[in-house]
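Asks: Residue numbers (the working numbering): 3 to 674. For every residue, glycine included, the Cβ atom is placed at its ideal position computed from N, Cα and C. As the structure is a computational prediction, the values presented were derived from the model and not from experiment. Before anything else, here's the structure in question.
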Amino acid sequence: MVIVQTKITFKDDGSPYSSQFEDIYFDTNHGTSQSECIFIDGNNLKARLAQYPEKFVIAETGFGTGLNFLLTLAVFDKIKLTAHLQNAAPAKVSALHFISVEKYPLSKQQLAQSLAVFPQLKEYSQQLITQYPENFDKDITLSFLEGSVTLQLIFNDATQGLAQLGNEKAVHLSKQVDAWFLDGFSPAKNPEMWHEALFKQITRLSKEQATLATFTVSGKVKRQLVSAGFRVEKRPAIGKKNEMLSAVFQQNPLSGKGYQQRPIVNKPQHVSIIGGGIASACAAYALTKAGVKVTVYCQDFSVAQGASSNNIAALYPLIHQKADDISLFYQQAFEQALTYYKSISEQGFHFDHDWCGLLEISYKPALALRQQHIADSSVWPKSLIHSVDKNQASALADIALDHGGLFFPKAGWIAPAQLVKQIFKAAELSHRLRIETGCKINKISQQAQGKWLLHSDTDNYPANVIIYCGGAQGIPLNLIEQLPLTSVRGQVSNMTSNEKIAKLATVICHKGYLTPANKNLHCIGATFQKHSFDIDNKAEEDQFNLTMLDKCLPGLTQWQSTDIFSSKARLRCMTPDHLPMVGAMPDINGHKQQFPHLSKDKRWRYNQQAPVIENLYMLTGLGARGLCTAPLLADILTADICGTPYPLNNEQLFNLAPNRFVIRDIIRRKFD
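Right, here's the structure in full:
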């Protein structure tokens, strides 16, 4: 393609104006703020560039004056400089690669004159002007900041230019773009750029969770982005372009696994949450931070009265010998939970806790063998889990132990009821949270156009979006009852400390668990009773906890039944695969009708998105590890509802999706 420089004129304020497209390149009335708002903030670049673990790739349609690139370069440079001045580790992004496609480039003289109106960027614009080509017969790559930033300029039509990326002659960029700047002149004035083929290239090149920002809010562009696999949100902007689109890439719509795709929705103004435990608290906090108003309906007269009501609970991940899907999920959830709870505490919302570590005692040969396998492998970092002998274990626990085991140095214990109440308090600071206690929702009825009505004994409450954070008992909607949720009773025993055990300095797990003392009480447990749904305390289950402890760790505490201070029984909500559920409620009949051939061939390709029940979401099935998983699950739920980037990839998300059980049942031919 023959490329010639564009025809522009300069206005009285020094800004360039395209005679060809009869449009401005930038709004001088708002300086750089408009471009920063749309492209830097629209892609959340300041936070992402500071945290990303590898090279970050940005692709742009329409280089124009290079303003967007220069602003990005300035942000990147400032992040690295700030880290250096604070004597901190350098920014995790070791390299920034910026690709820009331009069919109508400015000459070097035009570029210099255009950028002269931004003296604050002179340090960077001079570097660009110096390297900028005199003619445009070939593409060029420029280098900045001692090679840590590269600018690849492709002089071509946007679609054709992007099409050459990822082939054998390029740098294998397929599925490598982290963020998109869709600039260039508006669809009304430059329609040849904004066509379907462009969006196919964007789909091809986007990483999972790639973001995109553009100044145009054209309905056609929004529909093309949705068809390309993006979840799109309209946001306010600055200046004449007072609105913009921000989007997150969900999945290639032609992947053949449409049932894994999560629905694209418009961010609601208000949601209703059913439940008053850790799942509800984390969901409410995440959504209020995202700007959504939340009403929580709690059946008890105070929050944290269900499975989250224990005095003490251990926080640690479920880790297998191999890095399987379950272990990797719990590892990420655990790391996020630690950061999350520390942040809550640092904000002044105090709850009893101690990051004292946790010992998994190898009290029988099979566990000792597992300990050895993990010690011999390099699957897990030692900062997460490592092997200790009995002397090391005794030193960590500050009491004599007869066995070694596995030590989780970052783990510890938390007072769950206190924690839940403090998370709700943190959410209330937003003034977007209302909690209705003593309000048991007995029934949910679907109204017209995706609306809902919540029914209690005394009143009805209209709802636009519902999030079910309750358990497996007393589910107020038949649709939810069709999912494989079960209740498992668990009773813990709170034991009075004594001289034998008072110095215990770390949590100990055996077949059950034993915590250090908090206010002179230790917690032991817990029973695991299927098909038992009452929550009355039972003396025989207290005795079971004592017997289990003494069998695994003989003589460690010398507790008798008279040392039991109190007990508590609650119901855990479990799933068959020991992973929680988070996401939209599936339309089960719709799944059976839409994906029938999976029963004959589980690899059958379906590009259609899975049907869901509109505006009904689940965050449940957390089992005995709600403290570990709730913060991460709340972020996933918020991404579902608000269109923010997901913290997991598509395969991991499907492992947590409520419709995974429906798809498995279709594959296994469990439906008639």
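1) If you draw a straight line from the alpha carbon of ALA172 to that of GLN154, how long is it in whole angstroms?
2) Exposed or buried, what is THR84 when buried is set at 16 or more other beta-carbons lying within 10 Å of its beta-carbon?
3) Kindly list the residues whose CB is nearer than 6 Å to the CB of ASN520, restricted to its own chain and excluding five residues on each side of it in sequence; keep chain order.
4) Look up ARG572 in the DSSP assignment and say whether it is helix, strand or coil.
5) Tell me, to the nearest whole angstrom, how far the beta carbon of GLU543 is from that of THR559; I am working on the premise that it is less than 8 Å.
6) Does chain B have any CB closer than 8 Å to the CB of ALA339?
7) Give the DSSP-derived three-state secondary structure of ALA172 in the structure shown.
8) Assess, as a yes-or-no matter, whether the segment 361–369 is touched by the segment 394–411 under the definition of 3 or more beta carbon pairs within less than 8 Å.
9) Can you give me the Cβ contacts of PHE656 inside the same chain, cut-off strictly under 7 Å, excluding the 5 residues immediately before and after it?
10) Would you identify the three-state DSSP class for GLU245, choosing helix, strand or coil?
11) Would you report the Cα separation of PRO383 and LEU523, rounded to the nearest angstrom?
12) Helix, strand or coil for GLU542, going by three-state DSSP, please let me know.
13) Taking C-beta to C-beta, are LEU621 and GLN475 nearer than 8 Å?
14) For the alpha helix (DSSP H) holding ASN158, just list the boundary residues, first then last.
15) Please report the Cβ distance between PHE232 and GLN252, rounded to the nearest whole angstrom; I am assuming they are in contact, meaning their Cβ atoms lie under 8 Å.
16) So what does LYS259 bridge to, in DSSP terms?
17) Looking only at C-alpha atoms, which of GLY278, SER447, ILE10 and CYS441 sits nearest to ASP461?
18) List the residues that DSSP assigns as beta-bridge partners of ALA181.
19) Thinking C-alpha only, which one of THR549, GLY260 and ASP139 is nearest SER229?
20) Quick check: what's the CA-CA separation for ALA504 versus ASP180?
21) Once DSSP output is grouped into helix, strand and coil, what is the label at PRO92?
22) Quick one: what does DSSP say ALA413 is sitting in, helix, strand or coil?
23) Rounded to whole angstroms, what is the Cα-Cα separation between SER347 and VAL119?
24) For THR216, which residues of its own chain have a beta-carbon under 6 Å away from its beta-carbon, when the five flanking residues on both sides are left out?
25) Pull up the CB-CB distance for LEU75 and TYR126, whole angstroms please, since I reckon it's below 8 Å.
26) Please report how far the alpha carbon of GLY277 lies from the alpha carbon of VAL664, in whole angstroms.
27) CB-CB under 8 Å to ALA399, same chain, minus the five flanking residues each way: which ones, in chain order?
28) By the 10 Å Cβ neighbour count, where 16 or more other Cβ atoms means buried, how is TRP606 classified, buried or exposed?
29) DSSP three-state label for TYR106, please.
30) Mind checking which residues open and close the alpha helix (DSSP H) that includes PRO418?
31) With DSSP as the reference, identify every bridge partner of MET620, one or two as the case may be.
32) DSSP three-state call for ASN496: helix, strand or coil?
33) When burial is assigned at 16 or more other CB atoms within 10 Å of the CB, is ASP326 buried or exposed?
34) Return the chain-ordered ranges of every alpha helix (DSSP H) run that is complete within the segment 123–147 and spans a minimum of 4 residues.
35) Would you kindly report the start and end of the unbroken beta strand (DSSP E) that includes GLN448?
36) Starting from VAL390, follow the beta strand (DSSP E) in both directions and report where the run begins and ends.
Replies: On the basis of the data shown:
1) Here residue 172 refers to the residue found at position 170 of the sequence shown. Here residue 154 refers to the residue found at position 152 of the sequence shown. Residue placement at ALA172 is poorly supported in this model, since its pLDDT is 42, which falls under 50; the coordinates still yield a value, given next. Roughly 11 Å separates the two Cα atoms.
2) On the sequence shown, residue 84 is found 82 positions in, with the first residue counted as 1. Exposed.
3) Position 518 of the sequence shown, counted from the first residue, corresponds to residue 520. Answer for ASN520: ILE314 and ASP354, listed in chain order.
4) Counting from one through the sequence shown, the residue named residue 572 turns up at place 570. In this structure, DSSP gives ARG572 an extended state, which the three-state scheme calls strand.
5) Start at 1 with the first residue of the sequence shown, and residue 543 comes out as number 541. Start at 1 with the first residue of the sequence shown, and residue 559 comes out as number 557. So it is not a contact: roughly 18 Å between Cβ atoms.
6) Of the protein chains in the structure, only one exists, and it is not chain B.
7) If you number the sequence shown from 1, residue 172 lands on position 170. Low confidence applies to ALA172: its pLDDT is 42, below 50, so where it sits in the model is not reliable, and the reading given next is rough at best. In this structure, ALA172 counts as coil in the three-state DSSP scheme.
8) yes
9) Position 654 of the sequence shown, counted from the start, is the residue given in the question as residue 656. Excluding positions up to five away in sequence, the list reads GLN262 and ARG662.
10) Translated into the one-based positions of the sequence shown, residue 245 becomes position 243. Of the three classes helix, strand and coil, the one that applies to GLU245 here is strand, per DSSP.
11) Taking the first residue of the sequence shown as 1, we reach residue 383 at position 381. Taking the first residue of the sequence shown as 1, we reach residue 523 at position 521. Note on geometry: alpha-carbon atoms of PRO383 and LEU523 lie some 33 Å from one another.
12) The count along the sequence shown starts at 1 and reaches residue 542 at position 540. Secondary structure of GLU542 (DSSP, three-state): helix.
13) Walking along the sequence shown from the start, residue 621 turns up at place 619. Walking along the sequence shown from the start, residue 475 turns up at place 473. If you check the CB distance, LEU621 and GLN475 do not come in under 8 Å.
14) As a first step, residue 158 is located in the sequence shown; it is residue number 156 there, counting from the start. ASN158 -> no alpha helix (DSSP H), and no H or E assigned at all.
15) Along the sequence shown, read from residue 1 onward, the residue named residue 232 stands at position 230. Along the sequence shown, read from residue 1 onward, the residue named residue 252 stands at position 250. About 7 Å; that satisfies the 8 Å criterion.
16) For this step, residue 259 is matched to residue 257 along the sequence shown. Answer is TYR608, bridged to LYS259.
17) By 1-based counting over the sequence shown, the position of residue 461 is 459. Checking every option, the nearest Cα to that of ASP461 belongs to CYS441.
18) Here residue 181 corresponds to residue number 179 of the sequence shown, with the count starting at 1. In the DSSP output, where bridge partners are listed per residue, ALA181 has ILE60 and THR213.
19) Against the sequence shown, residue 229 aligns to sequence position 227. For the residues THR549, GLY260 and ASP139, the minimum Cα distance to SER229 belongs to GLY260.
20) On the sequence shown, residue 504 is found 502 positions in, with the first residue counted as 1. On the sequence shown, residue 180 is found 178 positions in, with the first residue counted as 1. Taking the straight line from one Cα to the other gives about 52 Å.
21) Within the sequence shown, the letter at position 90 stands for residue 92. In this prediction, PRO92 has a pLDDT of 49, which is less than 50 and means its spatial position is unreliable; nothing more can be read from the coordinates.
22) Translated into the one-based positions of the sequence shown, residue 413 becomes position 411. ALA413 falls in the coil class under three-state DSSP.
23) Working through the sequence shown from its first residue, we reach residue 347 at position 345. Working through the sequence shown from its first residue, we reach residue 119 at position 117. Straight-line measurement puts the Cα of VAL119 at about 47 Å from the Cα of SER347.
24) Here residue 216 is taken as the residue at index 214 of the sequence shown, counted from 1. Around THR216: LEU184 and LEU247.
25) Residue mapping note: residue 75 aligns to position 73 of the sequence shown, counting from 1. Residue mapping note: residue 126 aligns to position 124 of the sequence shown, counting from 1. Confirmed, about 5 Å.
26) Residue mapping note: residue 277 aligns to position 275 of the sequence shown, counting from 1. Residue mapping note: residue 664 aligns to position 662 of the sequence shown, counting from 1. Between the alpha carbons of GLY277 and VAL664 lies a gap of roughly 24 Å.
27) Within the sequence shown, the letter at position 397 stands for residue 399. Same-chain partners within the cutoff: LEU361, LEU506, ALA507, THR508 and ILE510.
28) Along the sequence shown, read from residue 1 onward, the residue named residue 606 stands at position 604. TRP606 comes out exposed.
29) Mapped onto the sequence shown, residue 106 falls at position 104. Three-state DSSP puts TYR106 in coil, outside helix and strand.
30) Here residue 418 is taken as the residue at index 416 of the sequence shown, counted from 1. Taken as a continuous stretch (DSSP letters only), the alpha helix (DSSP H) holding PRO418 covers 418–430.
31) On the sequence shown, residue 620 is found 618 positions in, with the first residue counted as 1. Among the bridge pairs identified by DSSP, MET620 is matched with TYR470 and GLY585.
32) Walking along the sequence shown from the start, residue 496 turns up at place 494. In this structure, ASN496 counts as strand in the three-state DSSP scheme.
33) Against the sequence shown, residue 326 aligns to sequence position 324. Result: exposed.
34) Complete alpha helix (DSSP H) runs here, min 4: 124–133.
35) By one-based count along the sequence shown, residue 448 stands at place 446. Unbroken beta strand (DSSP E) run through GLN448: 445–448.
36) If you number the sequence shown from 1, residue 390 lands on position 388. Its beta strand (DSSP E) spans residues 388–390.
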